[in-house]
RNA sequence: GCGCCCGUAGCUCAGCUGGAUAGAGCAUCGCACUUCUAAUGCGACGGUCGCAGGUUCGAAUCCUGCCGGGCGUGCCA
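Numbering (my numbering), first residue to last: 2 to 672.
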């Protein structure tokens with residue numbers, strides 16, 4: 002049931018008599034700004050009155066007269082400058098709740114225009130440990146996939162793994178020089194991970210050492226610049242002729258110069274920390290002395306792999322499955338799956354063909370030895386082949402697009418990727434036309450950066466990123482502290498065993514992390530604050546999960562009391578629409594919230610913004626909490642009150658559970 | 001330099017294609033547990049929506065300029 006759509010249709014019909022653009026004005030239906038105005042409102046009459054030169058209130062009165070809406074709403078009211086306020090009829094609400102009760106999709110319709118949609122998300126570099134940065138693409142992509150699928154689209158999820166890049170050069174180099182084949186064979190996943198870390202640490206160390214002189218130069222430069230700015234600011238300050246504005250400006254630029262110093266100093270500190278980590282470890286510094294230029298050597302190993310070197314190719318084939326096991330462990334835990342995992346390596350053989358094709362179309366230009374495509378409206382070209390002959394991610398993306406076009410025959414592709422790559426996608430999308438693929442709608446579903454609690458990128462002291470797995474563990478551990486709070490545990494009957502506690506902690510911990518991500522608008526940066534997301538109060542997944550648990554608890558109690566086996570089934574079969582009577586304000590408010598489920602889903606899909614669904618679920622759970630507090634279910638002798646409330650509890654539970662499922666978040670029957 | 005994004009309550013953030021006194025959570029301060037789980041509910045406090053113009057009957061929302069912050073910017077992805 003989509004109320005906005007339904008109301009829009011009725012307005013559309015009435016508007017045809019008043020204007021030749023009924024679509025535009027019918028669309029101006031909104032949820033009422035304030036509950037005292039009613040449930041919905043139309044804002045159409047002000048602009049319409051303006052356009053036709055009539056008074057908006059007169060237009061509104063006319064519109065109301067020709068509006069056929071009495072089966073849905075009470076008599077519409079014209080208010081203020083020309084708003085039309087609508088209040089839904091209680092019988093209509095009751096009927097709709099009854100329909101939702103008997104529908105396993107809780108009233109959410111299936112789209113009449115199903116599309117084939119490829120969703121490209123997560124796409125980490127295997128072999129490299131996953132960090133917080135990967136969580137957004139994975140969680141947002143998964144939620145979109147679930148939601149699009151639920152409304153009836155044919156969704157194909159594809160994890161475009163980075164399985165062909167430098168990180169394999171790192172592992173191969175590490176294996177050849179520091180690895181013990183027997184140890185790796187016995188325990189490949191952790192061994193390969195530790196070889197990666199070791200080799201990468203040497204690379205970072207050597208790069209850090211090389212970069213230190215430049216950083217010192219930068220610091221000196223920043224310092225002298227700051228000195229000049231400070232002196233200039235001081236001069237302006239003393240200058241009687243200078244305006245306040247000029248003084249302020251000078252102060253600002255002096256402060257800004259000071260900040261640049263701090264920024265360089267912090268770079269130097271983390272660089273020095275990286276160096277110290279190795280220098281303070283005799284084993285590591287010996288290794289570094291032994292292996293002179295690891296960064297260059299690693300690039301050579303990567304190049305050999307790409308050129309088809311037999312040994313490296315064999316190692317790659319041997320290691321790849323283990324690297325996949327490593328990331329799959331995280332996916333299992335997050336409950337994320339993919340229909341396809343076609344990584345970069347899958348497209349490797351197709352890359353020369355892409356360049357040839359673009360050559361054939363006359364789109365390429367050689368510039369400084371690199372093969373480039375210059376596009377209108379962009380300063381820099383898209384480089385598809387490097388001077389040394391190697392291909393780039395632009396090339397791979399084009400090959401991937403061709404494949405999806407030919408094999409999947411999709412209508413739309415969503416790229417759930419960091420917003421920092423937006424320029425790349427603009428160029429890439431601009432090439433779809435010339436390549437004859439402009440019948441696919443290409444969307445960059447971009448998202449912002451995950452920051453630490455302090456608003457700065459999350460990094461350890463030496464500047465490396467914090468592992469994703471440890472964050473998950475942390476969230477679950479904290480969830481367990483709360484779930485297993487002895488005070489709460491004491492109230493549980495039957496008692497909650499260790500297994501159940503662990504299971505709930507996992508569901509609550511994962512939900513906390515996912516919800517924290519999804520509830521922010523995807524394009525804004527957000528602060529990853531474990532304390533807050535696992536606080537388990539306010540706008541968190543736990544609040545919804547708790548609401549759900551309470552619905553189930555009530556249903557269990559009623560089932561016990563009335564000796565009913567399957568209470569949900571009983572309610573579905575025994576509560577009729579005319580027995581649902583919304584007498585209490587909290588009942589009515591909850592009913593409306595529940596009915597808006599489909600609207601919320603459509604909002605989330607329309608702009609690829611799961612936070613809209615989060616907002617909706619939080620509102621609904623709040624309505625449920627208020628209802629739960631004001632309207633007791635148990636102990637009602639009046640069958641109408643009992644049945645009304647049971648119906649609301651059942652539908653509320655199902656809406657919350659389904660809504661959370663679309664977000665990739667689970668529920669527990671009690672907690 | 002150029003391009004993109006952002007600036008809303010003490011803090012973290014919503015605010016859909018312009019619409020009625022700008023919302024939520026946290027924090028702070030009250031009230032409510034013999035009552036289906038108080039991981040709760042009810043209430044209070046709290047904002048020149050960065051600044052200045054413009055468009056409009058109406059602007060947090062659209063346009064321009066400025067200030068402040070972030071990111072990107074030809075051979076990494």
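Beta carbons: idealized from backbone N, C-alpha and C, even for Gly.
Would you tell me roughly how many angstroms separate the C-alpha atoms of residue i and residue j, rounded to the nearest one?
| i | j | result |
| --- | --- | --- |
| residue 431 | residue 526 | 27 angstroms |
| residue 224 | residue 262 | 6 angstroms |
| residue 212 | residue 552 | 60 angstroms |
| residue 88 | residue 105 | 28 angstroms |
| residue 102 | residue 659 | 13 angstroms |
| residue 434 | residue 136 | 32 angstroms |
| residue 626 | residue 408 | 49 angstroms |
| residue 512 | residue 292 | 45 angstroms |
| residue 26 | residue 49 | 8 angstroms |
| residue 148 | residue 503 | 28 angstroms |
| residue 497 | residue 482 | 14 angstroms |
| residue 475 | residue 455 | 18 angstroms |
| residue 56 | residue 39 | 23 angstroms |
| residue 214 | residue 447 | 37 angstroms |
| residue 672 | residue 484 | 7 angstroms |
| residue 420 | residue 449 | 6 angstroms |
| residue 652 | residue 594 | 11 angstroms |
| residue 612 | residue 73 | 29 angstroms |
| residue 558 | residue 519 | 34 angstroms |
| residue 487 | residue 344 | 47 angstroms |
| residue 165 | residue 129 | 12 angstroms |
Counting along the chain, where does the beta strand (DSSP E) carrying residue i start and finish?
| i | result |
| --- | --- |
| residue 373 | 371–374 |
| residue 367 | 365–368 |
| residue 120 | 117–121 |
| residue 30 | 30–32 |
| residue 41 | 41–43 |
From which residue to which residue does the alpha helix (DSSP H) around residue i run?
| i | result |
| --- | --- |
| residue 616 | 611–631 |
| residue 488 | 487–491 |
| residue 565 | Premise fails: residue 565 is in no alpha helix (DSSP H) and is neither H nor E. |
| residue 659 | 640–663 |
| residue 593 | 586–596 |
| residue 13 | 4–16 |
| residue 72 | Run containing residue 72: none; DSSP gives neither H nor E here. |
| residue 317 | 311–335 |
| residue 308 | 295–308 |
Secondary structure at residue i, three-state DSSP: helix, strand or coil?
| i | result |
| --- | --- |
| residue 574 | helix |
| residue 130 | coil |
| residue 669 | coil |
| residue 135 | helix |
| residue 56 | coil |
| residue 80 | strand |
| residue 104 | coil |
| residue 85 | strand |
| residue 157 | strand |
| residue 707 | The structure shown does not extend to residue 707, since the chain is modelled only from 2 to 672, so the question has no answer here. |
| residue 35 | coil |
| residue 341 | strand |
| residue 419 | strand |
For residue i, count the other beta carbons within 10 Å of its own beta carbon; 16 or more makes it buried, fewer makes it exposed. Which is it?
| i | result |
| --- | --- |
| residue 490 | exposed |
| residue 493 | exposed |
| residue 232 | exposed |
| residue 42 | buried |
| residue 86 | buried |
| residue 346 | buried |
| residue 375 | exposed |
| residue 313 | buried |
| residue 9 | buried |
| residue 635 | exposed |
| residue 287 | exposed |
| residue 201 | buried |
| residue 228 | exposed |
| residue 270 | exposed |
Point to revise | Contiguous alpha helix (DSSP H) assignments of at least 4 residues, all confined to the segment 177–235 | key: Runs of the alpha helix (DSSP H) lying entirely within the segment 177–235 and spanning at least 4 residues, in chain order: 182–187.
Exercise for review: Please list the segments of the alpha helix (DSSP H) lying wholly inside the segment 430–512, counting only runs of 4 or more residues, in order along the chain.
Suggested key: The qualifying runs are 469–484, 487–491.
Point to revise | Runs of alpha helix (DSSP H) wholly within the segment 377–416 (minimum 4 residues, chain order) | key: Runs found: 394–404.
Exercise for review: May I have a chain-ordered list of the beta strand (DSSP E) segments no shorter than 3 residues that lie completely inside the segment 519–558?
Suggested key: If only complete runs of 3 or more residues are kept, the segment 519–558 shows no beta strand (DSSP E) anywhere.
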